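Taking it in order: structure first as structure tokens, then the write-up.
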Amino acid sequence: MGARLGDAGRYLWRYRILYLLSLPGILYFFLFKYVPLFGSVIAFQNYNIFKGITGSDWVGLEHFQKMFSHYDFLRILNNTLLLGLYDLVIAFPVPIVLAILLNEVRMIMFKRMLQTIVYMPHFLSWVVISGIFMGIFSMDAGVVNKALEFLGMQPVYFLGEDSYIRFILIGSGIWRDSGYGTIIFLAAIAGINPDLYEAAEVDGAGRLKQIWSITLPSLLPTIMILLLLHIGKFLDLGFERVFVFLNPLNLESGEILDTYIYKAGLLSQQYSYTTAIGLFKSVVGLMLILLGNFFSKKTTGESLY
């Protein structure tokens, strides 16, 4: 036992610089990711900010029962699930396609210019992006409605219609983040052995055949890892992304769990109730990532652990 401790001590001393460098990162995750987890216990209490966690009354699963019996909960959960599904099916493949297309551009200057253009929206805040989209889809001066008028059609108030809000939310997300999401896929493509492409050319394979037979199979491990991480955030669409587009006319189809938590938790001060909703989201996300990891390991051999 003493010999093992001695070996461990020598090992730590030998790599002390590396451990010291990793210390800020470990402290960050401990303080801001793990310590706040203890606050989740208020989901099982009637939390009172004056009594604190130790003085508040325990109520068991009362807030979870309230959550499932709330008349609006199923509608909000349905909105969150649909937007999460649209985000997974429509938005997730876009950076992959965009990275493959950018990789096919041969003029370096043109390629760099395209990359800069598609990266730039990521650095805009959601408030700015909502302003741009409101301008584009405005009833009076929006480009889309001007085009409809030119074609002899009636203008549409897109941000006031339930049927359009989900597509606007997904479309704005694609415009903002798809370019930035290509970085990882372009890095993965850069790591593919160029000899494979040269051998394919000698065999007479065109660019499409090379993409199908070399690029996509080489990207598969990266795609699967990012897909699993995306599945883990299935119910976590982001409060700001949705809140800036909401108004009383599109609330029915646009409200999600994050915006409901803001209203019920911060505005109505129902801390325990909204913590229960947040805990429910986290548990669902954990189950999805475990299931996704299991099926990915069985079908492709790729997994997070």
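So in this note's numbering, the last spot in the sequence shown is 346, and the numbers never skip. Ideal Cβ placement from N, Cα and C applies to all residues, glycine included. Given the structure is predicted, the values throughout are model-derived calculations rather than measurements.
- The Cβ atoms of alanine 317 and phenylalanine 174 lie no closer than 9 Å to each other.
- Only residues of its own chain outside the window of five on either side were considered, and among them Tyr160, His163 have a CB closer than 7 Å to the CB of tyrosine 221, listed in chain order.
- Judged by DSSP in its simplified three-state form, glutamine 311 adopts coil rather than helix or strand.
- In terms of Cα proximity to isoleucine 233, the closest of Asp244, Gly247, Ile252, Leu68 is Ile252.
- Partner residues in the beta bridge of tryptophan 99, as assigned by DSSP, are Gln86.
- In this chain, the alpha helix (DSSP H) harbouring methionine 150 covers 149-160.
- Shortest Cα-Cα distance from methionine 265 to any of Glu343, Ser294, Tyr198, Asp244 involves Glu343.
- Here DSSP, grouped into helix, strand and coil, assigns histidine 163 to helix.
- Bounds of any alpha helix (DSSP H) do not take in isoleucine 131, whose DSSP letter is neither H nor E.
- It is roughly 30 Å from the alpha-carbon of proline 289 to the alpha-carbon of glutamate 103.
- A direct Cα-to-Cα measurement between asparagine 186 and serine 294 gives close to 22 Å.
- With the rule of 3 Cβ pairs closer than 8 Å, the stretch 256-276 counts as touching the stretch 324-338.
- Sequence-distant partners of glutamine 156 (beyond 5 residues in either direction) whose C-beta falls short of 7 Å from its own C-beta, in its chain, are Leu143.
- Shortest Cα-Cα distance from aspartate 203 to any of Arg217, Asn120, Ile83 involves Asn120.
- The stretch 113-132 makes no contact with the stretch 166-181: fewer than 3 CB pairs, one atom from each, lie closer than 8 Å.
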